Amino acid sequence: MGFTITPRELKEQLDKGNKPVLLDVREPWEYSLAKLEGSLLIPLGTLPHSLDQLDRNAEIIAYCHHGMRSADATSFLLQQGFANVKNLIGGIDAWSVQVDASVPRYR
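Each step along the sequence shown adds one to the number in UniProt numbering, with nothing skipped, and position 107 is 107.
Structure follows, in structure tokens:
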């Protein structure tokens, strides 16, 4: 599926200097526990009212805890005409396990 990215692929992109919009669709309490540096918090429930905060031409990587909410966000943004949106497979939990163990894991 062309609308997903693995944690390792994202890490490679960031290491090359790519600057996608890291869209965190979790709740504020989750964001306060663990986040990707430089990410933008727009909880999934508020996303339909927050589209003006996003650049339609930017590369957007959506993420949540395990990848379910961000899959919904990715589908929604694609339906709204955003062309370059991907879901981070496994969410921030997979990022912590596979890429950066300094990012706290939570339940």
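Where is the CB? At the ideal position from N, CA and C, for every residue including glycine. Values in this document were obtained by computation on a predicted structure and should not be read as measured data.
Return the CA-CA distance between residue i and residue j, expressed in angstroms with no decimal places.
i: residue 190; j: L33; result: Residue 190 is absent from the model: the chain starts at 1 and stops at 107.
i: H65; j: A73; result: 13 Å
i: Y31; j: A58; result: 22 Å
i: I60; j: D52; result: 14 Å
i: L41; j: K35; result: 9 Å
i: Q80; j: S39; result: 21 Å
i: R56; j: V97; result: 31 Å
In chain order, what residues of the same chain lie with their CB nearer than 8 Å to the CB of residue i, ignoring the 5 residues before and after it?
i: P48; result: F76
i: V21; result: L40, L54, D55, A58, E59, I60, I61
i: M1; result: Confidence at M1 is low in this model, with a pLDDT of 48, below 50, so the placement of that residue is unreliable and no value is reported for it.
Exposed or buried, residue i, counting other C-beta atoms within 10 Å across all chains shown (16 or more means buried)?
i: K86; result: buried
i: R69; result: buried
i: D24; result: buried
i: G106; result: Position check: residue 106 holds Tyr in this sequence, whereas Gly was assumed. It is exposed - the Cβ of Y106 has fewer than 16 other Cβ atoms within 10 Å.
i: G67; result: buried
i: A83; result: exposed
i: A101; result: exposed
Tell me which residues share the same chain as residue i and place their Cβ nearer than 6 Å to its Cβ, disregarding the 5 neighbours each side in the sequence.
i: E27; result: P43
i: V99; result: P7, K11
Tell me whether residue i counts as near the ligand ADP, meaning its Cβ is closer than 7 Å to at least one heavy atom of that ligand.
i: D72; result: This structure does not include the ligand ADP; it has no bound ligands of any sort.
Considering only residues of the same chain and omitting the five flanking positions on each side of residue i, which have a CB-CB separation below 7 Å?
i: S50; result: I42
i: A71; result: N87
Q.
Assess contact between the stretch 75-92 and the stretch 5-19, defined as three or more Cβ pairs (one per stretch) separated by less than 8 Å. Is contact present?
A. yes
Q: Could you tell me which uninterrupted alpha helix (DSSP H) segments, each at least 4 residues in length, are contained entirely in the UniProt domain "Rhodanese" (16-104), listed from first to last along the chain?
A: 28-33, 68-79, 91-98
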